[in-house]
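Structure, as structure tokens:
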Amino acid sequence: MKRLLDAPPCPPGLPHPGGAPDLLGSPPPALHRRILRRLHWLAVLATGLVLYTAVFAALLVTRNPVYVPALLLIGAAVVPVTFTTFVSDLKMAAALSFSRIAAAAVLGGVVGCVLAGPLEFESARLLGHTPAPLIGLIEETAKLAVPVLILARRRARTTDGLVLGVAVGSGFAALETLGYAFVALLRTQGDLLSVTNLLVVRALAEPGGHAAWTGLATAAFVAIRSSRHLNLARLRFVLVFVGVVTLHALWDSSVGGSSGYLIVGGISLGLLLLVTWRLDHTPPVTPRTRLTGGWRRGGTPSGVLPDPRIRQGR
């Protein structure tokens, strides 16, 4: 008994030097790091809420309008940044750096707004109004510009496209929310309660809006290059893009009022999370597996003969 108590601990599942397993061994450090990595979004959300509360309180106490831009910016960006962090911190997206994701969010959001705004204005001028399907087509096409330019000439994974699409969609949503909040502030002559309500509503809807639509479309686009069946992959991208534009049009037409927003946003977010889960649990496709047709259960690539010098286990 003394020998067992004096023996050093061992990793879980391995034989103990004294002959007994370490049943109370702690989880490996890698597991702790993975759990903490997937909870980064909570820290980002908490930090954003604290900053917004602090700026809001300072504005109420001092009545100084200099705090208004900071209030609108933080309120519009908290949830988009949080959701982008949530998706990018998943295990599947470890290949992308934070700087690349942040640059894509800012650049893609600005370029998307700059491209979509004039096109929608001209459409309204020529047609008298801009139909919801046309708005969806214009904005979803404009948001794809930066991800396509970034990923077109590099060997990217489908997960890279999904994360960059979510980042660009979140950046676009943040700028759009910022504009709506500024307009609401002017129309209500500085009613902060109305502005806060608008920011909260759009924050709750953001994950099932632009972020989900651009993430799905960009992932489908990038998946073309790694597919063994290019024609089917191109058809899949067209179908996904049409579906995204349709969801966007239903969102803009506000079918069913508030319940319509919840239904469309729930479907969009559910599809994004489903694709994210599938990509997280699917091994990456390499050029070798693409040429040989995948992997057999035994671990040997199909279409590749085993090395005769290696004894094959039964």
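Numbered according to this note's numbering, the sequence shown spans residues 8 to 321.
The beta-carbon is built from N, C-alpha and C at its ideal position, and this holds for glycine as well.
These numbers come from a predicted model, not from an experiment.
Exercise. Among residues of its own chain, excluding the 5 on either side of Val229, which ones have a beta-carbon nearer than 6 Å to its beta-carbon?
Worked result: Here residue 229 refers to the residue found at position 222 of the sequence shown. Answer for Val229: Leu158, Ala163, Thr165, Gly168, listed in chain order.
Exercise. For Val117, which residues from the same chain have a beta carbon less than 8 Å from its beta carbon, with the 5 sequence-adjacent residues on both sides left out?
Worked result: In the sequence shown, counting from the first residue as 1, residue 117 sits at position 110. Counting only Cβ-Cβ distances below 8 Å, and skipping sequence neighbours, we find Gly178, Leu182.
For this session: State yes or no: is the beta carbon of Thr60 nearer than 7 Å to at least one beta carbon in chain B?
Result: No chain B appears in this structure, which consists of one protein chain only.
Exercise. Excluding five sequence neighbours on each side, which residues of the same chain lie with their C-beta closer than 7 Å to the C-beta of Ala224?
Worked result: Counting from 1 along the sequence shown, the entry for residue 224 is found at position 217. Cβ within range, chain order: Glu147, Leu151, Gly172, Val247, Phe248, Val251.
Exercise. Going by the CB atoms, is the gap between Ala191 and Val202 shorter than 7 Å?
Worked result: Numbered from 1 along the sequence shown, position 195 holds the residue referred to as residue 202. Numbered from 1 along the sequence shown, position 184 holds the residue referred to as residue 191. Yes, the pair counts as a contact, with Cβ atoms nearer than the cut-off.
Problem set entry | Straight-line gap, Thr299 to Ser234 (C-alpha atoms, nearest Å) | Residue 299 sits at position 292 when you count from the first residue of the sequence shown. Residue 234 sits at position 227 when you count from the first residue of the sequence shown. Any reading at Thr299 must be qualified, since the residue scores a pLDDT of 42, below 50, and its modelled position is unreliable; no value is offered.
Problem set entry | Spatial neighbours of Arg297 in its chain, beta-carbon cut-off 6 Å, leaving aside the 5 residues before and after | As a position in the sequence shown, residue 297 is number 290, starting the count at 1. Residue placement at Arg297 cannot be trusted, given a pLDDT of 46 that sits under 50; what the coordinates show is reported in the next sentence. These residues qualify, in order along the chain: Arg235.
For this session: Quick one: measure Cβ to Cβ for Ala226 and Val282, integer angstroms, because I've assumed they're closer than 8 Å.
Result: The residue you call residue 226 lines up with position 219 of the sequence shown. The residue you call residue 282 lines up with position 275 of the sequence shown. About 6 Å; that satisfies the 8 Å criterion.
Exercise. Thinking C-alpha only, which one of Ala256, Leu257, Gly216 is nearest Val86?
Worked result: Locating residue 86 in the sequence shown gives position 79, counting from the first residue. Closest by alpha carbon: Gly216.
Exercise. Cα separation between Tyr268 and Leu254?
Worked result: On the sequence shown, residue 268 is found 261 positions in, with the first residue counted as 1. On the sequence shown, residue 254 is found 247 positions in, with the first residue counted as 1. So the alpha carbons of these two residues sit roughly 10 Å apart.
For this session: Kindly indicate which residue of Ser106, Leu122, Leu97 has the alpha-carbon position closest to the one of Trp284.
Result: As a first step, residue 284 is located in the sequence shown; it is residue number 277 there, counting from the start. For Trp284, the nearest C-alpha among the options comes from Leu97.
For this session: Can you grab the Cα-Cα spacing for the pair Pro76 / Phe105, in whole Å?
Result: The count along the sequence shown starts at 1 and reaches residue 76 at position 69. The count along the sequence shown starts at 1 and reaches residue 105 at position 98. Rounded to the nearest whole angstrom, the C-alpha separation of Pro76 and Phe105 is 26 Å.
For this session: Report buried or exposed for Glu129, applying the criterion of at least 16 other Cβ atoms within 10 angstroms of its Cβ.
Result: As a first step, residue 129 must be located in the sequence shown, where it is residue number 122. By the 10 Å Cβ count, Glu129 comes out exposed.
Problem set entry | Unbroken stretches of the alpha helix (DSSP H), 4 residues or longer, contained in the region 180-241 | Secondary structure in the region 180-241: the alpha helix (DSSP H) runs of 4 residues or longer, each lying completely within the stretch, are 199-212, 217-229 in chain order.
Problem set entry | Whole-number beta carbon distance between Val51 and Thr92, since they are thought to touch under 8 Å | Residue mapping note: residue 92 aligns to position 85 of the sequence shown, counting from 1. Residue mapping note: residue 51 aligns to position 44 of the sequence shown, counting from 1. The pair is a contact, with the Cβ atoms about 5 Å apart (cut-off 8 Å).
Problem set entry | Cβ shell of Leu279 (< 7 Å), same chain only, five flanking positions each side left out | Residue mapping note: residue 279 aligns to position 272 of the sequence shown, counting from 1. Cβ neighbours of Leu279 beyond the five flanking positions: Ala219, Gly222, Leu223.
Exercise. Which value, in whole angstroms, describes the spacing of the CA atoms of Leu30 and Leu46?
Worked result: Numbered from 1 along the sequence shown, position 23 holds the residue referred to as residue 30. Numbered from 1 along the sequence shown, position 39 holds the residue referred to as residue 46. Confidence at Leu30 is low in this model, with a pLDDT of 49, below 50, so its placement is unreliable and the value that follows should be read with caution. For Leu30 and Leu46, the distance between alpha carbons rounds to 28 Å.
Problem set entry | Span of the alpha helix (DSSP H), counted from its first residue to its last, around Arg164 | Your numbering for residue 164 matches position 157 in the sequence shown. For Arg164, there is no enclosing alpha helix (DSSP H), as DSSP marks it with neither H nor E.
Exercise. Leu49: beta carbon under 6 Å from a heavy atom of the ligand GTP?
Worked result: Of the ligands one can find in the structure shown there are none, so the ligand GTP has no counterpart to examine.
Exercise. With DSSP run on the structure shown, which of helix, strand or coil describes Val155?
Worked result: Position 148 of the sequence shown, counting from 1, holds the residue named residue 155. Taken through DSSP and simplified to helix, strand or coil, Val155 comes out as helix.
Exercise. Under a three-way DSSP split, which group does Thr137 fall into?
Worked result: As a first step, residue 137 must be located in the sequence shown, where it is residue number 130. Thr137 falls in the coil class under three-state DSSP.
Exercise. How is the alpha helix (DSSP H) around Pro76 delimited, first residue to last?
Worked result: By 1-based counting over the sequence shown, the position of residue 76 is 69. For Pro76, the enclosing alpha helix (DSSP H) stretches over residues 75-95.
Problem set entry | Of the residues Leu133, Ile274, Ala110, Leu79, the one placed nearest Gly186, counting alpha carbons only | Taking the first residue of the sequence shown as position 1, residue 186 is located at position 179. The shortest C-alpha separation from Gly186 is found at Leu79.
Problem set entry | Inter-residue CB distance, Ala174 and Ile270 (contact presumed, cutoff 8 Å) | The residue given as residue 174 occupies position 167 in the sequence shown. The residue given as residue 270 occupies position 263 in the sequence shown. At roughly 25 Å, the Cβ-Cβ gap does not stay under 8 Å, so Ala174 and Ile270 are not in contact.
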